[in-house]
């Protein structure tokens, strides 16, 4: 999965013995990294990563997409309140949902709190391998959980 959007990772590790961390994230957009390491008989690592932009989902193969379910960040007062959605077959040419039918980019209402899932349904299915969620407005941070609805190709 390729992630484009605002990503916050806060990692605190206290080492007393063996430490192994494996993290693989692909990011595109504005990225800020703050790293603080303390060594005093033990290792403490404080890592904060921030990325602003969009969330991109690679479905792995061309699929029929009927909508999305979006939700705020778990247990924190952070959520996205409005989004645009675009899609692509090749990760090069992008089309906004409903733009071919309406002639403009559709803005979808998203969440009003961090707990309640909101369903965004497209009036007609789209065919895509890649889907992007473009946060426009948010409460706190561009934080969201999401699920793509549809049928795998």
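In UniProt numbering, the protein residues as written are 1 to 153.
Beta carbons are placed, not taken as given, at the ideal position from N, Cα and C, and that holds for glycine.
Check, Outcome
"Report the rounded CA-to-CA distance for residue 68 versus residue 149, giving the unit in angstroms.", "5 Å"
"Leaving out five residues on either side along the sequence, give the residues of the same chain with a beta carbon under 6 Å from the beta carbon of residue 98.", "106"
"Note down the Cα distance separating residue 62 from residue 147, rounded to an integer number of angstroms.", "16 Å"
"Using only alpha-carbon positions, find the residue among 64, 57, 58 and 54 that is nearest to residue 152.", "64"
"Which stretch, first to last residue, makes up the alpha helix (DSSP H) that contains residue 142?", "Residue 142 -> no alpha helix (DSSP H), and no H or E assigned at all."
"Just mark residue 53 as buried or exposed, buried being the case when its beta carbon has 16 or more other beta carbons within 10 Å.", "buried"
"At 4 residues or longer, and completely inside the region 64–138: list those alpha helix (DSSP H) runs for me, N to C.", "99–102"
"Compare the C-alpha of residue 125 against each of 71, 81, 60 and 86 and name the closest.", "86"
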